[in-house]
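In terms of the numbering used here, the sequence shown opens at residue 647 and continues consecutively. Idealized CB from N, CA, C, for every residue including glycine. Owing to the predicted nature of the structure, the values given are computational and were not obtained by experimental measurement.
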Amino acid sequence: MSIQPVIPILWLLGLLGLAAALLFLGARSHWAHLPAHLNRWLAGLRTAGLLGVGLLLLQPYWRDRSPDPDAVEVALLADASGSMAVRDLPGGRTRIEGVQAVFDWTDTRAPVNLLANRLPVRTFAFSDDVRPLSAVELPGPAAGSTAIGDALLDLLDRPAASGRRLAGVVLFSDGNETAGDTPMLEAGRRFRERGIPISTVGVGSQLPVGDVAVNFTRPRQTVSAGEPFTQEVRVRNGFNRAVETTVELLEGNRVIDRQRITLDPNSETTVSFEATATVTGMETYSVRLVHDLSEGNPLTDEDFAAVEVEDPERFRVLYLGSRLHPEFRFLRHALETEERLQLHALIRMSEDSIHWRAPDQPDRRGAIPDPGGFPEDGAFFFRFDAILLDLRAMDELTEAALEALQDFVANRAGGLFAFGPVPDNPLVRALLPVNSSEPFRSREDRFFQLEADPVFNAVAQGLLFQPPGLAAPAHQPGWTGELKRGARALGSFRPEGAGNVLALHTYGGGRAIWFGLDDTWRWRLESDRGFEQHRLFWTESLLWLSSGARPRVRAELQGSRVTADAPVDLDIRLRGRDFRPEREARVVAVLTRPDGSREEVLLQPDALEAGRFRGRAQATGAGVHQVDYRMEFTDGEVLESDVQFFAVPGGAEFLDTSFREAPLRDLARLTGGRYFTLAEAREIVDMPLADEIPLVTENVFWTRTWPFFLALAAIFGVEWFTRRRFGLK
């Protein structure tokens, strides 16, 4: 303790002596008039006041030596690897969530702010590499394994900000080191040689040995759209105690069912869920365990299954006609033996009569009631898988019905088979693969050549493609069409280029065929061969339209299982309107991760494989990832598609996620630092620092503080109040 008097010390002593004498003389004047205890009380107050004034004039102080904030800094290093996602902290928090509370700059009481009030602080996050954090950024899950030693050496070799020197490091980790070239204790020896302490904060809890695991009994199965099916999962308890947990079934990222179960020690049970898939294609399902705290290895807390949802066993076909044409009569007979197709019909019979035909035996989706006339909304069309349209029935459909028909093809991905002359109505023409049609009438049968791909299978080709092939009947009206850009001719008159009588293209997600003949029923009457050709032509065409053409977009990633925190191939194979491999489209993929983060990737065409587009993105975190593809074609067409895949924890990071306190204590002891629990994180403000660092010396005058002045004022105030109370001046 030192003093710095405001006046020479002899003068100060003289003034204090004079003040004491005056106080003594003043006290004698009323000494006999007051009780003894009151005299003692006043004497004590005056003495304390005199001493306080004396201290104020002496100005005592002590010297405070602290690190120079302009010359040194400290670093906070947060482990953000996969094992930090274990949920074993109080309140069900993950380890990384506990660290984020420490690094929360917006909370003035957070340890990072308390430490920053003393010294400059830089924050970092690491897994297998180190990433600086901004002043508002929290450490989040990162890809890769845990390389503690490499991360520490990175800080040791990293230049400090503004020329400052690294005075100390605080490491936040669970001690689970799974990667790196340098072990953390070896890195600690390098810090000890430099004289820089490493304090450690252990993040995690010591849990009993054991595990609770879940997995699907059938990780892949095939079901029918619209029909309920069972998902069974097996849950195993490897602890020597009973465990209560919640089992959740998810479709994509949406929880569709959950069950609370209790498992006996060292036992397993089977849990059954009922689900219904309504959309054809690949659906992803996952099952996960939700614990109050982590129950063993998180790698086994979730499992995934892929479900292939098939089209209904029987397809519904709607015939729309403006008259009862022979083509419909024979078409109905041709489809009678095809169990996969059900033919419905709406036909104008007369001005006041509309014929509605429905199968005698409804399919499992139920019967379709009589619409009472031609439909006007898409809800009716959407009940079917394909529509057979006599183009001369356009006058029977309102503009709203035609727009609904467009929605059926484009959005429902239904099939349209239109025959007859192309009308002028732009809503209808947009659906067709031809721009216009020209009538013709031949004096003899006019044969046309069919293309097999993609409509007709090998069995149909055996009859349909035998010479002389199919023909437009003599003396009957027919039409040839002018193909649209991107459309494909399926039937052309010989010689080549003499006219297209059968064509197809895609419209949105659906398919459409135009046919320039409406007298194919005559094939059926010519011979047994013609009878079979008529049946095969119509059944194969309608089955192709109903069940979907060869997919224009194929992503092998759909339903696949990948390792979390690893690069993923986003490759797709793409076909144009004519179903040939597409080479010039612009393909953009947007990956959405389970945590909601997104990454956009522009896919590049493969130089070796036509129609293939390649790209890569990072799958971060375990769970269902979704990829949304947007494909822009040179003719202006835009397609969108999405797939889902599973990312599961894997690698050495998740073989053992137990909390390792001992190596963290060893690291702190080796380097001269301190070990803190996460609950003691506020105490890092007193973390040990390097010895040979620039210090700032400051004189601390404790009499220049508000508490001292308030105490002195209180003494004189109480003394004055006491005198006035007893009538003294």
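Residue i in three-state terms, based on DSSP
i: residue 749; result: coil
i: residue 1255; result: coil
i: residue 903; result: strand
i: residue 874; result: strand
i: residue 880; result: strand
i: residue 1393; result: Nothing can be reported for residue 1393: it is not among the residues displayed for the chain, which extend from 647 to 1375.
i: residue 1333; result: coil
i: residue 1123; result: strand
i: residue 963; result: strand
i: residue 1195; result: Summary for residue 1195: the model assigns pLDDT 45, below 50, so the residue's position carries little reliability; its value from the coordinates is reported in the next sentence. Three-state result, residue 1195: coil.
i: residue 1203; result: coil
i: residue 1363; result: helix
i: residue 1250; result: strand
i: residue 654; result: coil
i: residue 1234; result: strand
i: residue 1370; result: helix
i: residue 1308; result: helix
i: residue 988; result: strand
i: residue 925; result: coil
i: residue 1293; result: strand
i: residue 1326; result: helix
i: residue 981; result: helix
i: residue 757; result: helix
i: residue 743; result: helix
Pick from the options that is closest to residue i, judged by C-alpha positions
i: residue 1272; options: 1279, 976, 1263; result: 1263
i: residue 1050; options: 1028, 1036, 1070; result: 1028
i: residue 1203; options: 1121, 1292, 733; result: 1292
i: residue 773; options: 1287, 819, 892; result: 819
i: residue 779; options: 766, 723, 1253; result: 723
i: residue 1318; options: 730, 814, 965, 1056; result: 814
i: residue 928; options: 983, 865, 1039; result: 865
i: residue 971; options: 982, 994, 955; result: 994
i: residue 886; options: 893, 897, 914; result: 914
i: residue 992; options: 976, 1006, 1034, 1008; result: 1034
i: residue 1356; options: 1178, 698, 833; result: 698
i: residue 1241; options: 1270, 1217, 1258, 1218; result: 1270
i: residue 1179; options: 784, 1216, 1114, 990; result: 1114
i: residue 1247; options: 1228, 1253, 1229, 1276; result: 1276
i: residue 1004; options: 850, 1025, 1023, 978; result: 978
i: residue 934; options: 987, 1154, 906; result: 906
i: residue 1189; options: 1044, 1002, 1243, 988; result: 988
i: residue 1171; options: 986, 985, 1158, 980; result: 980
i: residue 594; options: 985, 966, 717; result: Absent from the structure is residue 594, since the part of the chain shown begins at 647 and ends at 1375.
Residue(s) in a DSSP beta bridge with residue i
i: residue 1137; result: 1096, 1148
i: residue 1261; result: Looking at the DSSP assignment, residue 1261 forms no beta bridge with any residue, so it has no partner.
i: residue 995; result: Residue 995 pairs with nothing; no bridge assigned.
i: residue 1000; result: 994
i: residue 897; result: 900, 931
i: residue 949; result: 933
i: residue 1156; result: 1153
i: residue 1288; result: 1274
i: residue 1218; result: 1259
i: residue 778; result: 770
i: residue 738; result: Looking at the DSSP assignment, residue 738 forms no beta bridge with any residue, so it has no partner.
i: residue 725; result: 772
i: residue 1101; result: DSSP output for residue 1101 lists no bridge partner at all.
i: residue 913; result: 883
i: residue 592; result: This structure cannot speak to residue 592, because the chain is shown only from 647 to 1375.
i: residue 798; result: BP columns for residue 798 are empty, so no partner.
i: residue 1090; result: BP columns for residue 1090 are empty, so no partner.
(message) Which complete alpha helix (DSSP H) runs does the region 1009 to 1088 hold, if anything under 4 residues is left out?
(response) 1024 to 1027, 1045 to 1056, 1072 to 1075
(request) Starting from the N-terminal side, write out each stretch of the beta strand (DSSP E) that is 3 residues or longer and does not extend beyond the region 808 to 873. (result) 811 to 819, 844 to 848, 858 to 862, 866 to 870
(message) Quick check: the region 1080 to 1094 against the region 1136 to 1155, are at least 3 beta-carbon pairs closer than 8 Å?
(response) Contact holds: three or more Cβ-Cβ distances are below 8 Å.
(message) With three or more C-beta pairs closer than 8 Å as the rule, is the region 796 to 805 touching the region 1350 to 1369?
(response) Fewer than three beta-carbon pairs drawn from the region 1350 to 1369 and the region 796 to 805 are found closer than 8 Å, and the two stretches are therefore not classed as touching.
(message) Counting beta carbon pairs with one atom in the region 873 to 891 and one in the region 761 to 776, are three or more of them shorter than 8 Å?
(response) The region 873 to 891 and the region 761 to 776 do not touch, with fewer than three beta-carbon pairs separated by less than 8 Å.
(message) With three or more beta-carbon pairs closer than 8 Å as the criterion, would you say the region 1034 to 1046 touches the region 1068 to 1083?
(response) yes
(request) May I ask you to verify whether the region 1076 to 1089 touches the region 1120 to 1136, counting CB pairs closer than 8 Å and requiring at least 3? (result) A contact between stretches requires three or more CB pairs, one per stretch, nearer than 8 Å, and the region 1076 to 1089 meets this requirement with the region 1120 to 1136.
(request) Specify whether the region 1308 to 1317 and the region 732 to 749 touch according to this definition: at least 3 beta carbon pairs, one from each stretch, less than 8 Å apart. (result) no
(request) Spell out a yes or no on whether the region 1215 to 1231 and the region 1253 to 1260 are touching, meaning 3 or more CB-CB pairs, one atom from each, closer than 8 Å. (result) yes
(message) Three or more C-beta pairs under 8 Å: does that hold for the region 1323 to 1333 against the region 744 to 762?
(response) Result yes; three or more Cβ-Cβ pairs closer than 8 Å.
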